[in-house]
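Going letter by letter, the sequence shown gives residues 28 to 239 in my numbering. Have a look at the structure below before the remarks.
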Amino acid sequence: MLRRAPRECGSWWWDLDDVTETGLVPALGTAARMAAVLGKHALLEPSSLEWDWFERGRGGLGVHTRLGLMGSRLDDPELAEQARACRPVGHPAAEMSALLVTGPGERLDAEGEPRREPRLVELTVSPDPYGCWAEVAVHHDVWSPCDFGGEPHPAVHANNAPRLAAALRALDALLGVPGEPGEPTYFGVAEGHGLKAPELVDGLGPDLTDLL
28 MLRRAPRECG SWWWDLDDVT ETGLVPALGT AARMAAVLGK HALLEPSSLE WDWFERGRGG
88 LGVHTRLGLM GSRLDDPELA EQARACRPVG HPAAEMSALL VTGPGERLDA EGEPRREPRL
148 VELTVSPDPY GCWAEVAVHH DVWSPCDFGG EPHPAVHANN APRLAAALRA LDALLGVPGE
208 PGEPTYFGVA EGHGLKAPEL VDGLGPDLTD LL
């Protein structure tokens, strides 16, 4: 079974303030376009949306919503209405946080065989009227030269990392702005359109399994 880190191994962030309008419908439109690019590389097949609710001046409400797409397109106007209808009844002023698009994707094993994996690549877009942004994050070791135990896996890396890099470059072209690598975590560092290679000691990378 492929192990998944509790924090991202790498993430890439796009500032879209000068690229798209603010609000839920434009955010879902951006998500649809980005998901289509990721889908061409078999990295994400959207199946649900997830988000939290908050109130301005109060903060988070501790309410989380997951809405299955049930075959709906992300840019379907009815989906936006369904999402708004999920507002907690006791909080009429509640607003939606960033929207997480989840679904399965395909990784390639060492022999190049595709393996369907839930939440292989995650896409987040912001509907905040005060700022537009999007993020792509990965949580698995198939994008790194070493697995989480520190063992090099060159065939797995060669079969997967170029696919992610190609998708990120395509997203840069789609959005018209370059994605910025996100903050490093215990599990990896984004660099360019991939993950920074770890330092090897006696041919092995760091063992990260203690926090898996």
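Yeah, the Cβ is synthetic: ideal placement off N, Cα and C, and Gly gets one too.
Taking residue i as the reference, which of the options has the closest Cα?
{"i": "residue 188", "options": "176, 172, 177, 200", "result": "172"}
{"i": "residue 209", "options": "37, 146, 150, 51", "result": "37"}
{"i": "residue 107", "options": "85, 140, 58", "result": "58"}
{"i": "residue 75", "options": "50, 191, 102", "result": "102"}
{"i": "residue 62", "options": "147, 111, 82", "result": "147"}
{"i": "residue 78", "options": "239, 67, 150, 213", "result": "150"}
{"i": "residue 51", "options": "144, 70, 124", "result": "124"}
{"i": "residue 91", "options": "104, 110, 73, 105", "result": "110"}
{"i": "residue 29", "options": "72, 141, 56, 190", "result": "141"}
{"i": "residue 65", "options": "205, 226, 190, 217", "result": "190"}
Taking only the alpha-carbon atoms, compute the straight-line gap between residue i and residue j and give it to the nearest angstrom.
{"i": "residue 100", "j": "residue 129", "result": "13 Å"}
{"i": "residue 215", "j": "residue 44", "result": "28 Å"}
{"i": "residue 88", "j": "residue 126", "result": "16 Å"}
{"i": "residue 46", "j": "residue 54", "result": "11 Å"}
{"i": "residue 132", "j": "residue 85", "result": "37 Å"}
{"i": "residue 196", "j": "residue 117", "result": "43 Å"}
{"i": "residue 198", "j": "residue 222", "result": "17 Å"}
{"i": "residue 212", "j": "residue 42", "result": "21 Å"}
{"i": "residue 202", "j": "residue 120", "result": "31 Å"}
Quick one: using the 10 Å Cβ neighbour count with 16 as the cut-off for buried, is residue i buried or exposed?
{"i": "residue 228", "result": "exposed"}
{"i": "residue 97", "result": "exposed"}
{"i": "residue 234", "result": "exposed"}
{"i": "residue 143", "result": "exposed"}
{"i": "residue 138", "result": "exposed"}
{"i": "residue 34", "result": "exposed"}
{"i": "residue 207", "result": "exposed"}
{"i": "residue 70", "result": "buried"}
{"i": "residue 115", "result": "exposed"}
Quick check: residue i and residue j, are their CB atoms within less than 8 Å of each other?
{"i": "residue 160", "j": "residue 40", "result": "yes"}
{"i": "residue 113", "j": "residue 94", "result": "yes"}
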